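Straight run, no breaks: the sequence shown in the numbering used here ends on number 267. Ideal Cβ placement from N, Cα and C applies to all residues, glycine included. Being a predicted model, the structure only gives us computed values, none of them experimental. These notes are about the structure you will find just below.
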Amino acid sequence: MIDIHCHVVPNIDDGAKDLEDALEMARIAYNEGIRKIVNTSHYHPSFEYKKGNELLEDIKEFNNILKSNNINIEIYIGNELYYSEDMIDIIEQKEFYTLNNSKYLLIEFPPIRFPKNLVDIIYEIKIRGYIPILAHVERYKEVQENVNLIYDCINEGALIQVNSSSIIGKNGKEAKRVSQILLDNNMVHFIATDAHSSQRRRPMIKETYDYVCSKYGDKTAEILFIENPSKVILNEDINIKSPIKYNKPKGFLQKLFKK
């Protein structure tokens with residue numbers, strides 16, 4: 009499997025705190041069936057995290073350390089861009105890394121100040137030649153209240169990543185409920201770990217993979233965990249199923265009055 013959203017390289021952001029933690033994360037990931045990881049370090053110009061050539065050198069060094077420790081996982085470079093009102097200006101400065109230097113750009117949003125003009129933002133990103141991947145959308149309150157925000161984003165050209173832990177209920181009932189709705193309605197294109205540590209938010213994915221296989225079939229699991237992530241790394245186009253607009257089940261009183 010391929011994990012396109014992970015914070016495994018040590019001493020870069022709020023991910024792996026040191027080399028020992030990073031190596032343990034890599035061992036866990038390998039045992040879970042992961043063979044390729046995009047290290048998606050948080051990025052915003054005001055963040056005091058490593059970026060640019062310094063980040064690239066750390067990725068290269070960590071790959072060498074993995075080999076010397078006989079851990080057969082390859083790490084790719086990337087960033088997780090943190091949304092702010094000046095994001096388009098930041099994108100035009102091109103000081104960040106897309107996922108393995110592809111056209112695919114991973115974006116997260118603040119838990120507060122969620123943008124109301126999200127579709128417009130996606131359009132602006134697209135016309136600059138990037139394909140935005142919206143990270144862990146199931147966690148946002150606005151999406152939990154209106155899942156069809158994601159339907160609109162996909163129709164504008166965005167792709168959607170959901171955390172593996174959310175699907176099996178480890179991020180709370182609401183995140184699980186929304187993940188289920190998104191999966192049921194063709195609104196998930198990647199399942200990733202968003203792992204930050206070997207002790208908490210670990211790179212666990214196999215249980216979710218087995219769940220998706222049993223509920224949605226082996227082919228769907230292959231697309232979400234392997235095929236689409238591979239196309240990101242190779243910078244290839246991804247063909248997606250048309251999303252289905254979510255129709256919220258009507259309550260008992262609404263059904264009664266309709267009769």
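Any idea if residue i is buried or exposed, counting beta-carbon neighbours within 10 angstroms, 16 or more meaning buried?
i: Leu-261; result: A caution first: Leu-261 carries a pLDDT of 49, below 50, which makes its placement in the model too unreliable to give a value.
i: Glu-62; result: exposed
i: Lys-263; result: Residue confidence is low: Lys-263 scores 48 on pLDDT, short of 50, so the model does not pin down where it sits. No coordinate-derived value is stated.
i: Phe-265; result: Any answer about Phe-265 is weak, because its pLDDT of 48 lies below 50 and its placement is not dependable; what the coordinates show is given next. Exposed, by the Cβ-count rule.
i: Asp-278; result: In this structure the chain extends from 9 to 267, so residue 278 is not present and cannot be described.
i: Glu-116; result: buried
i: Gly-257; result: The amino acid occupying residue 257 in the given sequence is Pro; Gly does not appear at that position. With fewer than 16 Cβ atoms within 10 Å of its Cβ, Pro-257 is classed as exposed.
i: Ser-54; result: exposed
Is the distance from the Cβ of residue i to the Cβ of residue j below 9 Å?
i: Pro-251; j: Tyr-159; result: yes
i: Leu-107; j: Ile-133; result: no
i: Gln-207; j: Arg-185; result: no
i: Ser-198; j: Gln-169; result: Rather than Ser, the amino acid found at residue 198 in this sequence is Phe. Yes, Cβ-Cβ distance for Phe-198 and Gln-169 is below 9 Å.
i: Leu-190; j: Val-145; result: yes
i: Ile-10; j: Phe-233; result: yes
Compare the Cα-Cα distances from residue i to each of the options and report the closest residue.
i: Ile-85; options: Arg-43, Tyr-254, Val-155 and Ile-12; result: Ile-12
i: Asp-26; options: Glu-146, Pro-18 and Met-33; result: Pro-18
i: Thr-216; options: Ser-187, Asn-236, Asn-193 and Val-240; result: Ser-187
i: Ser-110; options: Leu-126, Val-46 and Asp-97; result: Val-46
i: Asn-255; options: Glu-230, Asn-193, Ala-24 and Phe-104; result: Asn-193
i: Ala-118; options: Leu-89, Tyr-105, Ile-99 and Lys-102; result: Here residue 118 turns out to be Pro, not Ala, going by the sequence shown. Closest option to Pro-118, Cα to Cα, is Leu-89.
Counting only C-beta atoms, is residue i closer than 9 Å to chain B at any point?
i: Tyr-112; result: Although the question refers to chain B, the structure presented lacks it and comprises just one protein chain.
Kindly identify the DSSP beta-bridge partner or partners of residue i.
i: Ala-24; result: Bridge partners of Ala-24: none, in fact.
i: Gln-169; result: Phe-198
i: His-50; result: Glu-88
i: Cys-14; result: Asn-47 and Ala-203
Checklist entry - Contact between the segment 28-38 and the segment 137-146: three or more CB pairs below 8 Å? => result Contact fails: fewer than three Cβ-Cβ distances are below 8 Å.
Next on the checklist: Using 8 Å as the cut-off, can you tell me whether the segment 42-56 makes contact with the segment 69-86, which would need three or more C-beta pairs spanning the two stretches below that distance?
Outcome noted: The segment 42-56 makes contact with the segment 69-86; the number of CB pairs closer than 8 Å reaches 3 or more.
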